[in-house]
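Quick notes on the structure that follows.
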Amino acid sequence: MIALRPICLAAALAVSSFGASAQLLIGQTAGISGPVAASVNETIGGAKLVIDAVNAQGGINGEQIEVIRMDDGFDVKRAGENARVLIEDRKVLAFFMSRGTPHTQAIIPLLDKYGVALVGPSTGAMVLHKPLQKYVFNVRPTYQREAEKAVQHLTTVGMTRIAVVHVTDSFGADALEGAMTGFEKAKSKPAVVVPADRAKPDYAQIIPKITAADAQAVVWIGSGTAVIEGVRALRKAGSAAQVVTLSNNASGGFIKDLGKDGRGVIVTQVFPSARSIAQPMVAEAIGLAKAKGMTELSPAALEGFASAKVLVEALKRAGPKPTRARVVAALESISNFDLGGGMDVSYSPQDHSGLDFADLSIISDGKFRR
């Protein structure tokens, strides 16, 4: 996986290596520390491959890109306050790769107020697609598509007793809707649906409900450590149920933290395999990674890479000395922008959805296998 340098949280703000020489200020608030830190830092690493390469070649129209990052610890309130600081005080040109559904919803009022585009939020929430959010430009596919595919796979291989665990926030409700669509299409119903508090999941209540339903599989909708601890509790209870979770957990850190309990866990994916060197976007990312002495990419890093490519394309189209409004207009002008290998992104004033791709991977020998 990408070996990321530790980010100095004491400094609160982490900037690109070009420091004060940068002229195109981009803001990001995300859980650099906390329960989703592993995948967030891997997405940052993937994005840096693109941005550092562009800056090394002179930037865009002679201007360097600087990403000002603030750590929100995956806390919704902090995400909103960070966004205020970045937009009002730091005067960022655009926003980039927020993490979390309620966290992104918390910053949308500021995007609307100041006309600031958000490129590539690291969440597949349908609420960011429909109804149209004027300043949100999605790159990755929706969680609903992923959850539906997860259920489709399980029912196709003959599983009839499928439990669903979902976090009790807007992300969980959104993905649950996709899972229920999968059940409806399969003319089936979940064995049990179990809510889980986002901050403090009560596994003493959750696990017995799964085992009482004699679940053959569990679609676990949650983030980072909450899912990891849930899988451990499930195995400790003696359940061998197949666990499926979504791409928000598609990081090397997730595999590492799961340890031996990760073997056989299925994780949905929204980009091609990070080892598919025949895929042009992946090949480009691997080439840039190798130039930095890195040998392998994670799915999370590939998401960051793809989102950064869209950001750079928008900044190029916005022209010299761009304004916030020109960046929005530039994004809405993007049509059939090929990230590589037919992974096309298109936007318009009526549609800010990005890619439409979903696949499955399984954890084996410490890696995601397709």
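According to mature numbering (1 follows the signal peptide of the UniProt record, and there is no 0), the sequence shown holds residues -22 to -1, 1 to 348 in order. Quick reminder that beta carbons are idealized off the backbone N, C-alpha and C, glycines included. Being a predicted model, the structure only gives us computed values, none of them experimental.
Just confirm the distance between the C-beta atoms of A125 and G156, as a whole number of angstroms; I'd bet it's less than 8 Å.
The residue labelled residue 125 in the question sits at position 147 within the sequence shown. The residue labelled residue 156 in the question sits at position 178 within the sequence shown. A125 to G156, Cβ: 3 Å. Contact.
Distance between V142 and K178 (C-alpha atoms, nearest Å):
For the purposes of this step, residue 178 is identified with residue 200 of the sequence shown, where counting begins at 1. For the purposes of this step, residue 142 is identified with residue 164 of the sequence shown, where counting begins at 1. A direct Cα-to-Cα measurement between K178 and V142 gives close to 18 Å.
Spell out the partners DSSP gives K345 in its beta bridges.
The residue given as residue 345 occupies position 367 in the sequence shown. Paired residues: S342.
Does the contact criterion of 3 or more C-beta pairs under 8 Å hold for the region 175 to 194 versus the region 112 to 121?
no
Taking 8 Å as the limit between beta carbons, can you name the residues of its chain near G216, skipping five residues before and five after?
Indexing the sequence shown from 1 puts residue 216 at position 238. So the qualifying residues of the chain are T189.
Nearest to G12 by alpha carbon, out of T203, E41 and G297?
Here the question's residue 12 lines up with position 34 in the sequence shown. Of the candidates T203, E41 and G297, the residue whose Cα lies closest to the Cα of G12 is T203.
Proximity to D175 [Cα-Cα], best of G344, A31 and H144
Taking the sequence shown and counting its residues from 1, one reaches residue 175 at position 197. With distances taken between Cα atoms, D175 lies closest to H144.
Considering just the uninterrupted stretch of the beta strand (DSSP E) at G5, what are its terminal residues?
One-based indexing of the sequence shown puts residue 5 at position 27. Run containing G5: L2 to A8, per the beta strand (DSSP E) assignment.
CA-CA distance, K345 and I244?
In the sequence shown, counting from the first residue as 1, residue 345 sits at position 367. In the sequence shown, counting from the first residue as 1, residue 244 sits at position 266. Whole-angstrom Cα-Cα distance: 11 Å.
State the Cα-Cα distance for the pair G318 and D180, rounded to the nearest angstrom.
Along the sequence shown, one-based indexing puts residue 318 at 340. Along the sequence shown, one-based indexing puts residue 180 at 202. One C-alpha to the other measures close to 43 Å.
Where I46 sits in the DSSP three-state scheme:
Here residue 46 refers to the residue found at position 68 when the sequence shown is read from its first residue. The answer is strand: DSSP assigns I46 an E or B state.
Taking Cβ positions, are F74 and Q6 nearer each other than 9 Å?
Counted from its first residue, the sequence shown places residue 74 at position 96. Counted from its first residue, the sequence shown places residue 6 at position 28. Using a Cβ distance threshold of 9 Å, F74 and Q6 count as a contacting pair.
Can you list, in chain order, the residues of its chain whose CB lies under 6 Å from that of T79, leaving out five sequence neighbours each side?
As a first step, residue 79 must be located in the sequence shown, where it is residue number 101. Correct list, in chain order: T101, A103, S148 and F149.
Run the CB neighbour count on V135, radius 10 Å, all protein chains shown included, and call it buried at 16 or more, exposed below.
Counting from 1 along the sequence shown, the entry for residue 135 is found at position 157. By the 10 Å Cβ count, V135 comes out exposed.
For K270, tell me which candidate among R295, A31, T146 and F52 has the shortest Cα-Cα distance.
Along the sequence shown, one-based indexing puts residue 270 at 292. Of the candidates R295, A31, T146 and F52, the one whose C-alpha sits nearest the C-alpha of K270 is A31.
Taking three-plus beta-carbon pairs below 8 Å as touching, is the region 191 to 210 in contact with the region 107 to 116?
no
Hey, out of N33, E41, N19 and L27, whose CA is closest to residue 351's CA?
This structure does not reach residue 351, given that the chain is present from -22 up to 348, and the question cannot be answered.
Alpha carbon of V54 to alpha carbon of P99, nearest angstrom
Indexing the sequence shown from 1 puts residue 54 at position 76. Indexing the sequence shown from 1 puts residue 99 at position 121. Roughly 14 Å between the two C-alpha positions.
Assign G231 to one of two classes, buried (16 or more other C-beta atoms within 10 Å of its C-beta) or exposed (fewer than that).
Locating residue 231 in the sequence shown gives position 253, where the first residue counts as 1. Under this definition G231 is a buried residue.
Would you tell me roughly how many angstroms separate the C-alpha atoms of V290 and K167, rounded to the nearest one?
If you number the sequence shown from 1, residue 290 lands on position 312. If you number the sequence shown from 1, residue 167 lands on position 189. So the alpha carbons of these two residues sit roughly 44 Å apart.
Would DSSP call V97 helix, strand or coil?
Residue mapping note: residue 97 aligns to position 119 of the sequence shown, counting from 1. Note: V97 maps to strand in three-state DSSP.
Is the region 307 to 327 close to the region 265 to 281, with three or more CB pairs under 8 Å?
A contact between stretches requires three or more CB pairs, one per stretch, nearer than 8 Å, and the region 307 to 327 fails this requirement with the region 265 to 281.
Between which two residues does the alpha helix (DSSP H) harbouring H131 extend?
Taking the sequence shown and counting its residues from 1, one reaches residue 131 at position 153. Under the DSSP assignment, H131 falls in the alpha helix (DSSP H) whose first and last residues are Y121 to T134.
Can you give me the Cβ contacts of Q257 inside the same chain, cut-off strictly under 6 Å, excluding the 5 residues immediately before and after it?
To locate residue 257, count along the sequence shown from 1; it is residue 279. Cβ neighbours of Q257 beyond the five flanking positions: P250 and G319.
Using a Cβ-Cβ cut-off of 8 Å (strictly less than) and excluding sequence neighbours within five positions of L(-19), which residues of its own chain qualify?
Numbered from 1 along the sequence shown, position 4 holds the residue referred to as residue -19. Any reading at L(-19) needs caution, since the residue's pLDDT is 38, under 50, leaving its predicted position unreliable; the model's value is listed next. So the list reads N19, E20, I22 and G23, once near-sequence residues are dropped.
Can you find a CB in chain C that lies within less than 9 Å of the CB of V209?
Absent from the structure is chain C; it holds one protein chain and no more.
May I ask you to report which of helix, strand or coil DSSP gives A336?
Within the sequence shown, residue 336 is the residue found at index 358, counting from 1. Three-state result, A336: coil.
Taking all protein chains shown into account, decide if P300 is buried (16 or more other Cβ within 10 angstroms of its Cβ) or exposed.
Here residue 300 is taken as the residue at index 322 of the sequence shown, counted from 1. Result: buried.
Roughly how many whole angstroms lie between the Cα atoms of V28 and A267?
For the purposes of this step, residue 28 is taken as residue 50 along the sequence shown, with counting starting at 1. For the purposes of this step, residue 267 is taken as residue 289 along the sequence shown, with counting starting at 1. V28 and A267: Cα-Cα distance of roughly 10 Å.
Please list the terminal residues of the continuous alpha helix (DSSP H) segment that includes F149.
Residue mapping note: residue 149 aligns to position 171 of the sequence shown, counting from 1. Where F149 is concerned, the enclosing alpha helix (DSSP H) starts and stops at S148 to K163.
In or out: T82 buried (at least 16 other Cβ within 10 Å) or exposed?
The residue given as residue 82 occupies position 104 in the sequence shown. With 16 or more Cβ atoms within 10 Å of its Cβ, T82 is classed as buried.
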